[in-house]
Structure formats: structure tokens, C-alpha cells
């Protein structure tokens, strides 16, 4: 073997070694990049796990709070059922009758008479014999009240009752639903176990005029007094739609004369749409906006502005259980932070965090119904309806 051949072999081996060394360097660089990427993924995974644990903890707290409120309602119902029946005098019911919507629309009511859907005293239904016994049986917390004049026509109509949980009335906490019959559950398309213990704004849209008038109605009442029966026009939240309802409303006072319970009986509901100038916090009665047969609002009049003292306080210091204004139209809906109440911050936090993490929010839709309904459609109980919540109902 000559020297030239040895030199040639050495050169070939040197080239091979250089090629392998370059490959090794590239592999090391790739490994370093992968290690950096893996470290980032691990950090993101750790943050995600912490976020999931936080959300689970908040969910457990929310479930425990809901269970606590439900137990509290059940305990109060059981306690009311054990109290002996006593008779107390009832505040006299007014004999005024409510003007029908047809006569109101035909007579072109003045703005002062239709500026807001305020309660109107109406003739109470005589709750004698079986009806009074049925009321006491279904709602034992009203057993110690003399309900000879009642807001309830009969229990084939949707009926519900709310309790004011604190001695401060509306300013302590929102009214809590403590009773709903089968017709009310069918109308709202919610099961009874989902409704019990929920705040007032879960099923009804707060109207500022209603709130202010209820505060006046509760003044200077005798202990265990029963108010007149009032006719309210309200907005009811159903599964995916809003209903404009007519209902009888009656209040019951505690031993100190403060409003303690409210009894509601829905007598009718109409199909239609909110006027373009109407907002959920301040809407007009049907006679003021000219609801037509096909559900369209003809030439709506703008609602009058509230006096300064009736405006809700700012959200950071909000103590009243009110939903503030919610701009709506036929094509879209703007949800502002002002519709969230202080006692809803927990659920709101969950929604915001889930959106930030780009996770699906479809599982939260049932909670969103606690704040707002995403439709303006309205239905009537004696006609077929277009909304999913209004499956044909015959009462009972």
C-alpha cells in the first residue's frame, strides 16, 4: 500500500467525520429548540391546570351556595307548615276594575296614563272554601294569613310566590322564589327544582317603576297585613324568549308590617315584540305602544325619563336588586357589564375566564338565562306560539 492511497483514505474518513459532526451539531440544535418548546408547553399546561382547579373550586362554591339557599327555603317552608293557623284581618281589597287593552288602544290614552306599566288595584277573587284551603295546602307559609280575597283565580293559571329574605326588604337581597305550580313551570319551561331558590330577576325582568311602587305599597302596613290585589304588566323570562304578561299581584306583611311574601297569578300573555324605543328596565304597557295582532309594535312612543331620584345607583355601590338598561333590537343585542348584579359576580367571573381560555361556553348557557333572555319574541297562551318555551299549554 502506497503513501498516496493512505492519504486518500484519510481524507475520505476526515470528510465522513466532518459530515457526522455537522449532523450531530444540527441534532443538538433541534434538541435545544424542542426542549425550549417543551418547557413552554409545560408552563402553559401548569397554568391551565391551575385555572381548571380555580374554576372547579368556584363551581363547587357556587353549588354549595345554591344548596344552602335551597335548604334555607325548605327549612322555612317546613317551619311555616308547623305553625298553627291563625286568622288576621285583611286590608280591604279595592273594587276598581282594570281597563281592557282594547278600550285603552281605541281611546288613545294620554302619555301620563300609560307612561309606565304601574300596578292597578283590581277586584280580588273570593278565595272561599276550597280555593283558600288549596292555597294554604300548597303554600303553608301563607297559612296564618286570612286570604278571603286572593290574587289567584285558580291553580290552572301560572302561579308563583316570592319571599323577601331580609328585614330590610328589597335593599337587603332580591326576592327569592319559594313556590311555583305546574302551569308556571310549563310556561317558563324550567323544572321546579331549577326555579326554587332563584332570585326574582331569574324569571322576571325588573321594571324600575314596579320596584319604586312596591316600596310605596309596603309603607304603613299593619302586622300580618294583606294588601289589595294589583294588576301588573311584566316581562317574563322563558326558555329563549320574553313574554309580556298580565298578572295579579298581592303582598303579605310580617309581624312588623314589612313586606314578606308576594303572590303572583299570571292571567294572560301576549305575542309581539318590544318597541324600538323600549328597554328592559323601562318598558311601556301594550296599550301605549299599540301592539297589533301580528305581534308588531306600531309607532312606539318613547318612555318618559325617570326622575333623578329613581335612577339606579352606580354598579360598584349597587344595593338594589335591579337589572339596568339593556339595549336591544331585532338583529343584535348588546350585553353590558351594568346588567350584572353584585350577587352575580361569581358566575360572571367564570364566564369571563372561560372566554379568555377560548373554551366552549355552551355549557354556561343555562346560567346566562339568569341575566337576560336573548329574544324579543312574546307568546299568548290561547294561540300557537313561535318560541320553544311555549309548547301548547291547556292549564291544569
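Numbering (full-length UniProt numbering), first residue to last: 1 to 396.
Glycine included, each C-beta is placed from N, C-alpha and C at the ideal position.
Nearest-angstrom Cα separation, counted from residue j out to residue i
i           : j           : result
residue 351 : residue 70  : Low per-residue confidence applies at residue 351: pLDDT is 46, beneath 50, and the placement is therefore not dependable, though the value from the model is reported in the following sentence. For residue 351 and residue 70, the distance between alpha carbons rounds to 23 Å.
residue 15  : residue 29  : 21 Å
residue 108 : residue 268 : In this prediction, residue 108 has a pLDDT of 37, which is less than 50 and means its spatial position is unreliable; nothing more can be read from the coordinates.
residue 148 : residue 55  : 50 Å
residue 187 : residue 270 : 13 Å
residue 241 : residue 205 : 12 Å
residue 244 : residue 236 : 6 Å
residue 17  : residue 24  : 10 Å
residue 192 : residue 51  : 33 Å
residue 138 : residue 225 : 20 Å
residue 12  : residue 26  : 21 Å
residue 33  : residue 7   : 39 Å
residue 61  : residue 67  : 10 Å
residue 220 : residue 46  : 60 Å
residue 2   : residue 9   : 11 Å
residue 140 : residue 65  : 25 Å
residue 53  : residue 36  : 26 Å
residue 38  : residue 49  : 16 Å
residue 164 : residue 57  : 29 Å
residue 42  : residue 185 : 48 Å
residue 22  : residue 4   : 27 Å
residue 414 : residue 78  : The structure shown does not extend to residue 414, since the chain is modelled only from 1 to 396, so the question has no answer here.
residue 72  : residue 232 : 29 Å
residue 31  : residue 44  : 20 Å
residue 248 : residue 59  : 37 Å
residue 209 : residue 40  : 56 Å
residue 254 : residue 133 : 21 Å
CA nearest to the CA of residue i, picked from the options
i           : options            : result
residue 397 : 223, 176, 246      : This structure gives no information on residue 397, because the portion of the chain shown stretches from 1 to 396.
residue 181 : 195, 216, 173, 175 : 195
residue 250 : 159, 239, 77, 25   : 159
residue 234 : 259, 200, 221      : 200
residue 76  : 270, 261, 47       : 261
residue 215 : 240, 222, 176, 258 : 258
residue 176 : 188, 74, 226       : 74
residue 81  : 145, 164, 2        : 145
residue 155 : 44, 174, 32, 131   : 131
residue 223 : 256, 34, 64        : 256
residue 63  : 19, 248, 207, 197  : 197
residue 211 : 2, 45, 174         : 174
residue 252 : 20, 162, 232       : 162
Residues bridged to residue i [DSSP beta-bridge criterion]
i           : result
residue 20  : For residue 20, which the question treats as bridged, DSSP gives no partner whatsoever.
residue 153 : None; residue 153 has no bridge partner.
residue 190 : Partner(s): none; residue 190 has no beta bridge.
residue 232 : 247
residue 147 : Paired residues: none, contrary to the question.
residue 5   : Note: residue 5 sits in no beta bridge, so no partner.
residue 266 : 247
residue 75  : Residue 75 pairs with nothing; no bridge assigned.
residue 242 : 237
residue 161 : 179, 263
residue 224 : Residue 224 is not bridged to any residue.
residue 204 : 236
Beta-carbon spacing of residue i, residue j below 8 Å
i           : j           : result
residue 266 : residue 157 : yes
residue 183 : residue 263 : no
residue 135 : residue 142 : yes
residue 217 : residue 227 : yes
residue 238 : residue 189 : yes
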